[in-house]
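Participant:
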Amino acid sequence: MNTRDGKSTSPWEKAVPFVEEKDAELPKKYNVLIVGAGITGVTTALMLQNQGLDCLLIDTNTIGAGTTGGTSAHINTFLDATYPEIESDFSEDAASLVAKATKEAITIIKNHIYELKIDADFEEKKAYLYAEDEKQQKELDEIYEASKRANVSVHQVGKEAPLPMSFLSALMFDGQAQFHPIKYISGLLKEFLRKGGEVLEHTAFKSCKIENDCHLVQLGDLEIFAEHLVYATHIPPGINLFNFSCAPYRSYVVGAELKTDHYPDSLWYDMQEPYHYWRTHVIDGKKTLLVGGEDHKTGQGNPAEALQHLKDYVSKYFEVDQFTFEWSSQYYIPVDGLPYIGKMPMADENTWVATGFNGNGMIWGTISAKMISDLIIGQPSDYEDLLNPSRIKPVAGFKEFVTENANVAWHFVADRFTAEQLKAVDALAPNEGVVVDSASGKVAVSKSESGHIKAISAVCTHAGCIVKFNKLEQSWDCPCHGGRYDIDGKVVTGPPLQNLEKLDWSELKA
Ligand SMILES: Cc1cc2nc3c(=O)[nH]c(=O)nc-3n(C[C@H](O)[C@H](O)[C@H](O)COP(=O)(O)OP(=O)(O)OC[C@H]3O[C@@H](n4cnc5c(N)ncnc54)[C@H](O)[C@@H]3O)c2cc1C
Numbered sequence: 030m031n032t033r034d035g036k037s038t039s040p041w042e043k044a045v046p047f048v049e050e051k052d053a054e055l056p057k058k059y060n061v062l063i064v065g066a067g068i069t070g071v072t073t074a075l076m077l078q079n080q081g082l083d084c085l086l087i088d089t090n091t092i093g094a095g096t097t098g099g100t101s102a103h104i105n106t107f108l109d110a111t112y113p114e115i116e117s118d119f120s121e122d123a124a125s126l127v128a129k130a131t132k133e134a135i136t137i138i139k140n141h142i143y144e145l146k147i148d149a150d151f152e153e154k155k156a157y158l159y160a161e162d163e164k165q166q167k168e169l170d171e172i173y174e175a176s177k178r179a180n181v182s183v184h185q186v187g188k189e190a191p192l193p194m195s196f197l198s199a200l201m202f203d204g205q206a207q208f209h210p211i212k213y214i215s216g217l218l219k220e221f222l223r224k225g226g227e228v229l230e231h232t233a234f235k236s237c238k239i240e241n242d243c244h245l246v247q248l249g250d251l252e253i254f255a256e257h258l259v260y261a262t263h264i265p266p267g268i269n270l271f272n273f274s275c276a277p278y279r280s281y282v283v284g285a286e287l288k289t290d291h292y293p294d295s296l297w298y299d300m301q302e303p304y305h306y307w308r309t310h311v312i313d314g315k316k317t318l319l320v321g322g323e324d325h326k327t328g329q330g331n332p333a334e335a336l337q338h339l340k341d342y343v344s345k346y347f348e349v350d351q352f353t354f355e356w357s358s359q360y361y362i363p364v365d366g367l368p369y370i371g372k373m374p375m376a377d378e379n380t381w382v383a384t385g386f387n388g389n390g391m392i393w394g395t396i397s398a399k400m401i402s403d404l405i406i407g408q409p410s411d412y413e414d415l416l417n418p419s420r421i422k423p424v425a426g427f428k429e430f431v432t433e434n435a436n437v438a439w440h441f442v443a444d445r446f447t448a449e450q451l452k453a454v455d456a457l458a459p460n461e462g463v464v465v466d467s468a469s470g471k472v473a474v475s476k477s478e479s480g481h482i483k484a485i486s487a488v489c490t491h492a493g494c495i496v497k498f499n500k501l502e503q504s505w506d507c508p509c510h511g512g513r514y515d516i517d518g519k520v521v522t523g524p525p526l527q528n529l530e531k532l533d534w535s536e537l538k539a
């Protein structure tokens, strides 16, 4: 059973494949160790295995337990970083290159599905992006012009777009798609295993050192050597450059069954702040409307409120019979809008990274796999320079990142050095949590459904910020870099490598 990185359940989780556990009889030397078994890691592993390299794929949890198991799985040629933004912050050529990458990723996904006969509920769709006021209209017009320049297939459709709300005008992008992300990566995984690839679930990467020009990695009791190391962990573990160039966000999705059969047959996106998007997926034989959005910075919003806003939004436009799913997951906004894919900066040779995908990881995870596998076998990649993880790019746009991530520094200082007053833990409601001060430091205290109090250190093991309770996911979330822990202190989302220390509440209280 997949545990994902929270308490809420996505519809994809049921399809998580069973991976047979192996004893430590693995070969001890691999060409490549791929850390993280989401869409990025699994696709990379298969592509490298196809090149004849001997690969080991590990995950601290199960296959797809990260954001790939909590995604909404739209596959797009237009991205969260819009083409006008990419043109203005990079160049027109860069925008064309990004557009090319989106099309290449869709082709790769389609080819995998076709060649490996993967039943991944894949459907090609039209997508509509629509403006509801004059400001959005201006932005939409700019997106239209820049998308055309980037050679993306887009059409102005005015009022003919099949939307349930009033709007000024819309763009229609064709050649978009949707699928079941876990069924898709399960198909890739099956082929990877068939070709001799090795997988270890519940195996955390903690650290490595270089010996004989290889990465020597301790995996529990097992020591392995790998010529190459790929961080497909969404955000690389530990303290690194990306903690300051990728901002963690929580994002929400609900599934609803409608009273009528008025389910959208296309992908829709509004331009509000925070935005919303939706599509239809048949889940267990029932049409389900999936609506996502209401994002906020990790540890800094109110998850229950965000989810309620999303439900209110859906109910405003659709006749909801019942909400059948609600879940949240995490993504990372890169400081200049584009992902970081390639050589890991300030790391040993032959260390590779893929991070900063924003809400477009189906595309970027797939392109990462292509790029990293090409680079490892010595093939150039068209996107190598543009997406170079070591690029230094002055931030011109992406206000969102600058304003919201500016408070990382504030949290660093305020959380570490400002003492708060002791809160009345006894007054906690079941399934609630609070951070209190004690003589030995800040303590994260939560109360279970049955009233049992659990106490753990509130100091994130990653960089020392103070975690905040997330009632929806029953997790402790760090507002600085997005580290997340369950109520027992176990890491559920990177970058922390160590669990939070368990404390004895009765002793602390005494
Ligand atoms: C709610 C939501 C909706 C989204 N919708 C879309 C969408 O419609 N379309 C789209 O393109 N993108 C979407 N995204 C983004 C997309 O889902 C992600 O970018 C993508 O799933 C990331 O895949 P990944 O394989 O890189 O990371 P993950 O799927 O997070 O996988 C990383 C894996 O690494 C493992 N790991 C981490 N640290 C370690 C360690 N130290 N040792 C071993 N294993 C480790 C984790 O357990 C995890 O399984 C959405 C994101 C969210 C949050």
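Numbering-wise, my numbering puts 59 at position 30 of the sequence shown, and it's gapless, one number per residue.
All residues carry an ideal CB built from backbone N, CA and C; glycine is no exception.
Whole-angstrom Cβ separation of I87 and G390, contact assumed at under 8 Å?
Facilitator: About 19 Å; that fails the 8 Å criterion.
Participant: Measuring only from the beta carbon, is H491 closer than 6 Å to any heavy atom that is part of ligand 1?
Facilitator: No, Cβ of H491 sits at least 6 Å from all heavy atoms of ligand 1.
Participant: From S479 to D455, what does the alpha carbon distance come to, in whole angstroms?
Facilitator: So the alpha carbons of these two residues sit roughly 13 Å apart.
Participant: Alpha carbon to alpha carbon, how far is A179 from E163? Give it in angstroms, no decimals.
Facilitator: Looking at the two C-alpha atoms, the distance is approximately 24 Å.
Participant: Alpha carbons only, please: which of A44, Q78, E116, S295 is nearest the one belonging to I92?
Facilitator: Minimum Cα distance to I92 is reached at A44.
Participant: Where A255 and T522 are concerned, what is the direct C-alpha to C-alpha distance, given to the nearest angstrom?
Facilitator: Using only the alpha carbons, I get a separation of about 24 Å.
Participant: Mapping the DSSP letters down to three states, classify T96 as helix, strand or coil.
Facilitator: Three-state DSSP puts T96 in a helix.
Participant: State the DSSP-derived secondary structure class of F354, mapped to helix, strand or coil.
Facilitator: F354: strand per DSSP, three-state reduction.
Participant: G470 to C509, Cα distance in whole Å?
Facilitator: Distance between the alpha carbons of G470 and C509 is about 19 Å.
Participant: Under 6 Å Cβ to Cβ from L145, same chain only, skipping five residues before and after it: list those, please.
Facilitator: Around L145: G216, E220.
Participant: May I have the straight-line CA-CA distance separating E152 from I135, to the nearest angstrom?
Facilitator: For E152 and I135, the distance between alpha carbons rounds to 12 Å.
Participant: Using DSSP's beta-bridge definition, name the partner residues of D515.
Facilitator: Note: D515 sits in a beta bridge opposite S504.
Participant: Taking 7 Å as the threshold (C-beta atoms), are G98 and A261 in contact?
Facilitator: Taking 7 Å as the Cβ cut-off, A261 and G98 do not qualify as a contacting pair.
Participant: Which residues bound the alpha helix (DSSP H) around I115?
Facilitator: 112 to 118 is the span of the alpha helix (DSSP H), which, as asked, contains I115.
Participant: When you measure from the CB of Y143 to every non-hydrogen atom of ligand 1, does any distance come out below 6 Å?
Facilitator: No, the beta carbon of Y143 sits no closer than 6 Å to any heavy atom of ligand 1.
Participant: I'd like to confirm something about G523: is its beta-carbon nearer than 6 Å to some heavy atom of ligand 1, or not?
Facilitator: G523 Cβ: within cutoff of ligand 1.
Participant: Which one or two residues does DSSP pair with Q205 in a beta bridge?
Facilitator: In DSSP, Q205 forms a bridge with K154.
Participant: What whole-angstrom Cβ distance do L245 and C237 have, given they're in contact under 8 Å?
Facilitator: Sure, about 6 Å apart at Cβ, within 8 Å.
Participant: Please classify V464: does DSSP put it in a helix, a strand, or coil?
Facilitator: Three-state result, V464: strand.
Participant: DSSP three-state label for H257, please.
Facilitator: Note: H257 maps to strand in three-state DSSP.
Participant: Would you list, in sequence order, the uninterrupted beta strand (DSSP E) runs of no fewer than 3 residues that lie entirely inside the stretch 262 to 303?
Facilitator: Runs found: 275 to 287, 296 to 298.
Participant: Could you work out which residue in Y514, F47, I264 is closest to V382 when comparing CA atoms only?
Facilitator: Taking only the C-alpha atoms, the option nearest V382 is I264.
Participant: Could you spell out the range, first to last residue, of the beta strand (DSSP E) harbouring Q185?
Facilitator: 183 to 185 is the span of the beta strand (DSSP E), which, as asked, contains Q185.
Participant: How long is the line joining the alpha carbons of G35 and G328, rounded to whole angstroms?
Facilitator: When rounded, the distance between both Cα atoms is 14 Å.
Participant: Please report the straight-line C-alpha distance between K139 and H103, rounded to a whole angstrom.
Facilitator: Rounded to whole angstroms, K139 to H103 spans 14 Å at the Cα level.
Participant: Determine the DSSP secondary structure at R308, reduced to helix, strand or coil.
Facilitator: If DSSP states are grouped into helix, strand and coil, R308 belongs with the strands.
Participant: Tell me, please, whether the stretch 167 to 187 touches the stretch 197 to 215 by the rule of three or more beta-carbon pairs shorter than 8 Å.
Facilitator: Touching, yes, given that three or more Cβ pairs across the two stretches are closer than 8 Å.
Participant: Going by DSSP, what residues sit across from T384 in a beta bridge?
Facilitator: BP columns for T384 point to Y369.
Participant: Would you mind reading off the limits of the alpha helix (DSSP H) that contains Y342?
Facilitator: From DSSP, the alpha helix (DSSP H) with Y342 extends over 332 to 346.
Participant: Taking 6 Å as the line, does the beta carbon of T96 fall inside it for any heavy atom of ligand 3?
Facilitator: The model on display carries ligand 1 but not ligand 3.
Participant: Compare the Cα-Cα distances from K372 to each of H305, L270, F234 and report the closest residue.
Facilitator: The candidate whose alpha carbon is nearest that of K372 is L270.
Participant: Is there contact here, the stretch 394 to 402 with the stretch 108 to 115, by at least three beta-carbon pairs under 8 Å?
Facilitator: Not touching, per the Cβ criterion.
Participant: Quick one: does the C-beta of Y159 sit closer than 6 Å to a heavy atom of ligand 1?
Facilitator: No, since every heavy atom of ligand 1 falls outside the 6 Å radius drawn around the Cβ of Y159.
Participant: Helix, strand or coil for H244 per DSSP?
Facilitator: Strand at H244.
Participant: Just to check my reading of the structure: N387 and D170 have Cβ atoms closer than 8 Å, yes? What is that Cβ distance to the nearest angstrom?
Facilitator: Going by Cβ atoms, the distance from N387 to D170 rounds to 23 Å, so no, they are not a contact pair.
Participant: My output table needs one value for V349: the three-state DSSP class, helix, strand or coil.
Facilitator: Strand, per DSSP.
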